[in-house]
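Going down the list, the sequences are from chains U and H. Residue numbering for the first sequence follows my numbering, starting at 1 and increasing by one per position. Residue numbering for the second sequence follows my numbering, starting at 1001 and increasing by one per position. The beta-carbon is built from N, C-alpha and C at its ideal position, and this holds for glycine as well.
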Amino acid sequence: MLKEKSSPLEDEEIIELYWQRKENAISETDNKYGEVVFRIAYNILNDKGDSEECQNDTYLDVWNAIPPARPRALLAFIAKIARRVSIDLYRKRSNKKAIPSEFKIAIEELEYCLQLEGNVYENLDVKSLSKLINTYLRTLTERQRYIFVGRFYFSNSIEKISREMRVTPSNVYKSLEKIKKGLRLYLIRNGVSI
Amino acid sequence: MSEMIIKAIGELDDDIIEDYFKTKETFLKEKPKNRILIWKHIIPAVACFVLIFSGIFGVTIASIINNQEEATDSDTSSEDVSVEGIKYKYNGFSVSYELYELIKNAKDDDCFEIEISPYASISKDFIYEGKRYEEYNQEYLQSKNLLKKQNEILKDGELLKYGEILYTSGTPEGVKWPKHRYHEAVEYYGDDLLNAYIVDGEFLAEKLRNDILDTQEKINVLQGKIDKAREAYDAVFAEQNLPVFQAESIDVSIKDNRINIHLTKLQLSSLSIEHKELYLLDIAS
């Protein structure tokens, strides 16, 4: 009596629908992951209408990507697309006015902590920086990595992360500080000018 | 620089993102420890109280009997509680994970104390102390942005005070920037900031340090205002929505700016208020 929506399909079944070019692949995706996609977009855009627009664009991109793709983890695959689509719209919107979103705050936090020098443009490219961050994340514990990805990839608030992990916001805040300092040191040790 | 960080973070390896969701699942499946244990002791006592209370007020008994009759088809198994993606639902309400776990394992006559908060985040147009919430937010972000630039210019100011010499002949100390870097920096900081701290070729570092402290203080004040505005929003939400729950013949009050309700699982399962999507239910703290 209490379920409001039909039970979600298994990921493999949804992927199969995309492969068969069945249009209900999108509604099934929305049924299962709509909330997650909306939340990713909202954290970045801080606007309900824009986030819904991103939800639709994300489904369209997923539709275009599968096939040929056959993702091993559908949620991670969709989440990456949702983030990219939302950031594209964020760039467009923020050209006109600043968007006070959790995404902006999180990126500024990270940027402020790293304080990369101007000449970083000359001796470091995105791929190298990304590679270093990926390698650094693998040195962290599972919980630390969860906090980092939650905060800086999905732009979740510290309060939300703390609720999910059932610890206090102050615990998450302290862990974040430690992780950021660690990243800064890691980059310095690997020759990045900071 | 932001752009570089945004792109670099966007390039995190797929397996790291996959692991994130796996870890999230693990957190969602973990049972909260202390709270549940405490509730295991409290629930029977509260249940007794409610039964006695119900005995005194016949109206509530009638509604409980009706609910029990309706509930015969709906059993008390975990199927009553649905998980949609990562959002937990019960009788159309969004519920916290902790409450979800509690309901899942509860019997019909087990009692809960539940706090109700707005499901949506605070309205941008909410007025607190004469200003819209959005204005506080904007001012906060602008101040954070200013603080960031003030800290950066603390390093660059000693060079930028030389003006175009910095890329033509270079400073007396032998520092020379590429022309594009100089112009990017001038554009980035803007005339207001540069004119405030570089006067007649002198970099006013001491003034800047004082201003950084002021900006930091302003950020702290704004953060306080934002927190207070959220509390005020919760209080207004609670006041406005209290009658909705009072109409349901359940024990309801306002505690710490939240609507608090005491009811059995059976009563919760039959709450039939409108616009359930407005509310988030959690175990009362």
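Quick one: list the residues of chain H neighbouring ALA76/U, beta-carbon separation under 7 Å, in chain order. The residue given as residue 76/U occupies position 76 in the first sequence. Simply ASP1014, ILE1017, GLU1018, PHE1021.
I need the straight-line Cα distance from ILE1153/H to TYR1189/H, nearest angstrom please. By 1-based counting over the second sequence, the position of residue 1153/H is 153. By 1-based counting over the second sequence, the position of residue 1189/H is 189. If you take the alpha carbons of ILE1153/H and TYR1189/H, they lie about 8 Å apart.
Residues near VAL1244/H by beta carbon distance below 7 Å, same chain, minus five either side: The sequence position of residue 1244/H within the second sequence is 244, counting from 1. Excluding sequence neighbours, VAL1244/H sits near ILE1273.
Going along chain U, which residues have a C-beta under 7 Å from ALA1008/H? To locate residue 1008/H, count along the second sequence from 1; it is residue 8. Simply VAL126, LEU129, SER130, ILE133.
Just the C-alpha distance for SER1253/H and TYR1090/H, rounded to the nearest angstrom, thanks. Position 253 of the second sequence, counting from 1, holds the residue named residue 1253/H. Position 90 of the second sequence, counting from 1, holds the residue named residue 1090/H. C-alpha of SER1253/H to C-alpha of TYR1090/H: approximately 21 Å in a straight line.
Closer than 8 Å by C-beta to ILE179/U: which residues in its own chain qualify, once you throw out the five before and the five after it? Chain order, please. Start at 1 with the first residue of the first sequence, and residue 179/U comes out as number 179. Here the set comprises LEU140, GLN144, ILE147, PHE148.
Exposure label - THR1023/H; buried when at least 16 CB within 10 Å: As a working mapping, residue 1023/H is identified with position 23 in the second sequence. THR1023/H counts as buried, since no fewer than 16 other beta carbons sit within 10 angstroms of its beta carbon.
Report buried or exposed for ARG72/U, applying the criterion of at least 16 other Cβ atoms within 10 angstroms of its Cβ. Against the first sequence, residue 72/U aligns to sequence position 72. Counting Cβ neighbours within 10 Å, ARG72/U comes out exposed, since fewer than 16 surround it.
Among all the DSSP beta bridges, which residues are the ones paired with THR1264/H? To locate residue 1264/H, count along the second sequence from 1; it is residue 264. Note: THR1264/H sits in a beta bridge opposite CYS1111/H.
Over what stretch of residues does the beta strand (DSSP E) that includes ASP125/U continue unbroken? As a working mapping, residue 125/U is identified with position 125 in the first sequence. Careful: ASP125/U lies outside any beta strand (DSSP E) and carries neither H nor E.
Give me, in chain order, the residues of the same chain whose beta-carbon lies closer than 6 Å to that of LYS1225/H; leave out the 5 immediate sequence neighbours on both sides. Looking up residue 1225/H in the second sequence gives position 225. Here the set comprises TYR1136.
Is the beta carbon of TYR1233/H sitting closer than 7 Å to the one on PHE1126/H? Numbered from 1 along the second sequence, position 233 holds the residue referred to as residue 1233/H. Numbered from 1 along the second sequence, position 126 holds the residue referred to as residue 1126/H. Closer than 7 Å, so yes.
Work out the CA separation of THR29/U and GLU10/U for me, nearest whole Å. Against the first sequence, residue 10/U aligns to sequence position 10. Against the first sequence, residue 29/U aligns to sequence position 29. Between GLU10/U and THR29/U, the C-alpha separation is close to 10 Å.
What are the boundary residues of the alpha helix (DSSP H) that includes ILE1226/H? Numbered from 1 along the second sequence, position 226 holds the residue referred to as residue 1226/H. For ILE1226/H, the uninterrupted alpha helix (DSSP H) run begins and ends at 1205 to 1246, by DSSP.
Between the alpha carbons of PHE1112/H and ASN1241/H, how many angstroms are there, rounded? For the purposes of this step, residue 1112/H is identified with residue 112 of the second sequence, where counting begins at 1. For the purposes of this step, residue 1241/H is identified with residue 241 of the second sequence, where counting begins at 1. If you take the alpha carbons of PHE1112/H and ASN1241/H, they lie about 19 Å apart.
With H, G and I counted as helix, E and B as strand and the rest as coil, what does DSSP make of PHE1126/H? For the purposes of this step, residue 1126/H is identified with residue 126 of the second sequence, where counting begins at 1. In the structure shown, PHE1126/H falls within a coil segment according to DSSP collapsed to helix, strand and coil.
For my contact list, ALA82/U and ILE40/U are in at a C-beta cut-off of 8 Å; report their separation, rounded to the angstrom. One-based indexing of the first sequence puts residue 82/U at position 82. One-based indexing of the first sequence puts residue 40/U at position 40. A Cβ-Cβ separation of about 4 Å places ALA82/U in contact with ILE40/U under the 8 Å criterion.
Can you tell me which of the three DSSP states LYS97/U falls into? Your numbering for residue 97/U matches position 97 in the first sequence. The DSSP-derived three-state label of LYS97/U is coil.
Opposite VAL1095/H in the DSSP bridges: which residues? For the purposes of this step, residue 1095/H is taken as residue 95 along the second sequence, with counting starting at 1. TYR1088/H, LEU1281/H, per the DSSP bridge assignment.
Kindly indicate which residue of SER1002/H, ASN1151/H, LEU1281/H has the alpha-carbon position closest to the one of LYS1207/H. The residue you call residue 1207/H lines up with position 207 of the second sequence. That would be ASN1151/H, whose Cα lies nearest to the Cα of LYS1207/H.
Residue burial classification, LYS97/U (beta-carbon count within 10 angstroms, cutoff 16): Here the question's residue 97/U lines up with position 97 in the first sequence. LYS97/U comes out exposed.
Based on the DSSP output, what are the partners of VAL1199/H in its beta bridges? As a working note, residue 1199/H is residue 199 in the second sequence. VAL1199/H is bridged by DSSP to GLU1202/H.
Spatial distance of LEU1278/H from ALA1008/H (CA atoms): Along the second sequence, one-based indexing puts residue 1278/H at 278. Along the second sequence, one-based indexing puts residue 1008/H at 8. Cα-Cα distance, rounded: 37 Å.
State the Cα-Cα distance for the pair ARG1230/H and ALA1120/H, rounded to the nearest angstrom. Along the second sequence, read from residue 1 onward, the residue named residue 1230/H stands at position 230. Along the second sequence, read from residue 1 onward, the residue named residue 1120/H stands at position 120. Taking the straight line from one Cα to the other gives about 12 Å.
Quick one, which of SER94/U, ASN171/U, ASN56/U has its alpha-carbon nearest VAL85/U's? As a first step, residue 85/U must be located in the first sequence, where it is residue number 85. Per the Cα distances, ASN56/U.
Taking the Cβ atom as the reference point for each residue, do LEU1141/H and PRO169/U lie within a distance shorter than 7 Å? In the second sequence, the residue the question calls residue 1141/H occupies position 141. In the first sequence, the residue the question calls residue 169/U occupies position 169. No, the pair does not count as a contact, with Cβ atoms beyond the cut-off.
With three or more C-beta pairs closer than 8 Å as the rule, is the segment 60 to 71 of chain U touching the segment 9 to 28 of chain U? By the C-beta criterion, the segment 9 to 28 of chain U is judged to be in contact with the segment 60 to 71 of chain U, since at least 3 inter-stretch pairs fall below 8 Å.
Closest by CA to LEU74/U, which one among TYR1020/H, ALA1284/H, MET1004/H? For the purposes of this step, residue 74/U is taken as the residue at position 74 of the first sequence. Checking every option, the nearest Cα to that of LEU74/U belongs to TYR1020/H.
Best match in ARG163/U, ILE158/U, LEU187/U for proximity to TYR173/U [C-alpha to C-alpha]: Walking along the first sequence from the start, residue 173/U turns up at place 173. It is ILE158/U.
Three-state secondary structure (DSSP) of PRO68/U: Locating residue 68/U in the first sequence gives position 68, counting from the first residue. Assigned with DSSP and collapsed to three states, PRO68/U falls in coil, not helix or strand.
Could you tell me how far apart the beta carbons of GLU1101/H and ALA1284/H are, in whole angstroms, since I believe they sit closer than 8 Å? Taking the first residue of the second sequence as position 1, residue 1101/H is located at position 101. Taking the first residue of the second sequence as position 1, residue 1284/H is located at position 284. A Cβ-Cβ separation of about 15 Å leaves GLU1101/H out of contact with ALA1284/H under the 8 Å criterion.
Less than 7 Å separating the beta-carbons of LEU1012/H and TYR153/U? For the purposes of this step, residue 1012/H is taken as residue 12 along the second sequence, with counting starting at 1. For the purposes of this step, residue 153/U is taken as residue 153 along the first sequence, with counting starting at 1. Yes; because the gap between Cβ atoms is below 7 Å, this pair is in contact.
Please report how far the alpha carbon of LEU1146/H lies from the alpha carbon of PRO1178/H, in whole angstroms. The sequence position of residue 1146/H within the second sequence is 146, counting from 1. The sequence position of residue 1178/H within the second sequence is 178, counting from 1. Approximately 25 Å between the Cα atoms of the pair.
Selection from TYR1128/H, SER1096/H, LYS1144/H that minimises the alpha carbon distance to ASP1214/H: Within the second sequence, numbered from 1, the residue matching residue 1214/H stands at position 214. The candidate whose alpha carbon is nearest that of ASP1214/H is LYS1144/H.
According to the neighbour-count rule (16 or more other Cβ atoms, all chains shown, within 10 Å of its Cβ), is ALA1106/H buried or exposed? Here residue 1106/H corresponds to residue number 106 of the second sequence, with the count starting at 1. Residue environment: ALA1106/H is assigned as buried (16 or more neighbouring CB atoms within 10 Å of its CB, all protein chains considered).
Residue from GLU109/U, ASP88/U, ASN46/U with nearest C-alpha to LYS1124/H: In the second sequence, residue 1124/H corresponds to position 124, counting from 1. Nearest C-alpha to LYS1124/H: ASN46/U.
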